[in-house]
């Protein structure tokens with residue numbers, strides 16, 4: 002695949018110098034990887050090998066309350082120092098009052114790289130915090146990345162209908178919770194609903210967290226279903242590196258993607274690997 006790539010889901014971090022990642026060491030131990038170490042752009046490039054990644058969407062990975070503000074400032078400066086074509090998906094603390102939520106959003110938006118937020122934990126669809134965040138993002142033409150599993154998809158779809166001009170991205174291929182038949186069927190229903198009832202982009206990312214296997218045979222049914230329901234204009238590649246290392250290495254992911262979609266038309270692969278992300282994330 003010769004098309005330059007936009008990686009729409011990357012995490013860079015500095016655990017040796019920052020206290021923003023409580024719980025990451027325990028998580029790394031629980032999944033049996035060396036995730037609890039610095040992972041910066043040289044580490045990314047080493048993992049990616051000859052995969053021609055030119056542009057990056059850095060997604061907030063901090064869990065210390067409020068540290069997303071410092072993280073945004075850090076990654077903005079880091080990307081500038083290294084001349085990276087990189088944009089930022091930040092976060093917010095859903096326990097904050099509406100005024101403080103908007104202040105935190107405005108502070109992150111001071112960076113020209115800022116493109117929106119995802120909230121990994123605690124943001125409930127229909128809550129006052131969700132209404133504040135979604136309203137602010139829509140009014141300012143930013144993105145909401147929804148971290149939604151099958152059991153909350155219907156609730157998120159219902160509230161997203163109230164924000165028809167909001168740019169929405171469904172993270173991690175709709176984030177299936179298991180590979181058993183029931184989990185698979187509920188995931189299929191959820192991603193189909195997102196595809197038909199919203200205009201969201203679906204990031205084909207994060208499947209290794211569920212499958213613990215990056216082989217083409219294992220990933221194929223999930224990837225093909227997502228592409229089938231969303232179409233080539235509404236899917237984008239995301240590596241989820243380094244988290245995806247819990248399932249294998251970057252080379253395995255690349256090889257599996259080539260096996261699964263390498264036979265698609267060139268213009269479809271261009272949409273998947275770069276054009277859709279460039280459009281939605283406004284590179």
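In the working numbering, the protein residues as written are 2 to 284.
All C-beta atoms, glycine included, are put in the ideal place defined by N, C-alpha and C.
Note that the coordinates shown come from a computational prediction; the quantities given were computed from them, not determined experimentally.
For residue 283, the CB contacts under 8 Å within the same chain, skipping 5 residues up- and downstream, are 88 and 116 in chain order. In this structure the stretch 17-26 does not touch the stretch 211-218; the number of beta carbon pairs closer than 8 Å is below three. Inter-residue distance for residue 259 and residue 129 is about 43 Å (C-alpha atoms, whole angstroms).
The Cβ atoms of residue 90 and residue 112 do not sit closer than 8 Å to each other. Closest in alpha carbon position to residue 86, among 229, 98, 36 and 54, is 54.
Listed as beta-bridge partners of residue 58 by DSSP are 88. Going by DSSP, residue 268 is part of no beta strand (DSSP E) but of the alpha helix (DSSP H) stretching over 267-271. Secondary structure note for residue 213: it is in no alpha helix (DSSP H), with a DSSP letter that is neither H nor E. Between the alpha carbons of residue 84 and residue 281 lies a gap of roughly 21 Å. Residue 181 carries a coil assignment under DSSP once its states are collapsed to helix, strand and coil.
Using a Cβ distance threshold of 8 Å, residue 223 and residue 177 count as a contacting pair.
Setting aside the 5 residues that flank it on each side, residue 52 is surrounded in the same chain by 255, each with a C-beta closer than 6 Å to its C-beta; the list follows chain order. For residue 132, there is no enclosing beta strand (DSSP E); the residue is part of the alpha helix (DSSP H) that begins and ends at 129-140. One alpha carbon belongs to residue 11, the other to residue 241, and they sit about 5 Å apart.
Distance between residue 170 and residue 13, taken at the CA atoms: about 20 Å.
A straight-line Cα-Cα distance of about 24 Å links residue 185 and residue 251. Residue 143 carries a coil assignment under DSSP once its states are collapsed to helix, strand and coil. Annotated as proximal: residue 204 and residue 174, with beta-carbon spacing under 8 Å.
Only residues of its own chain outside the window of five on either side were considered, and among them 144 have a CB closer than 6 Å to the CB of residue 168, listed in chain order.
For residue 44, the enclosing alpha helix (DSSP H) has its first and last residue at 42-49. Cβ contact annotation for residue 151 (same chain, cutoff 6 Å, sequence separation greater than five): 187, 188 and 191, in chain order.
Distance from residue 154 to residue 98 at the Cβ level is roughly 28 Å; contact not present, criterion being Cβ atoms closer than 8 Å.
Its Cα nearest to that of residue 34, the residue 245 stands out among 276, 44 and 245. Distance from residue 164 to residue 208 at the Cβ level is roughly 27 Å; contact not present, criterion being Cβ atoms closer than 8 Å. According to the DSSP assignment, residue 280 belongs to the alpha helix (DSSP H) that extends over 277-281. Spatial neighbours of residue 29 in its own chain (CB-CB distance under 8 Å, excluding positions within 5 residues in sequence) are listed in chain order as 35, 36 and 37. Only buried fits residue 59, as 16 or more other CB atoms lie within 10 angstroms of its CB.
Under the DSSP assignment, residue 100 falls in the alpha helix (DSSP H) whose first and last residues are 99-110. A distance of 8 Å or more separates the beta carbons of residue 63 and residue 93. Residue pairing by DSSP places residue 14 opposite 40 in a beta bridge.
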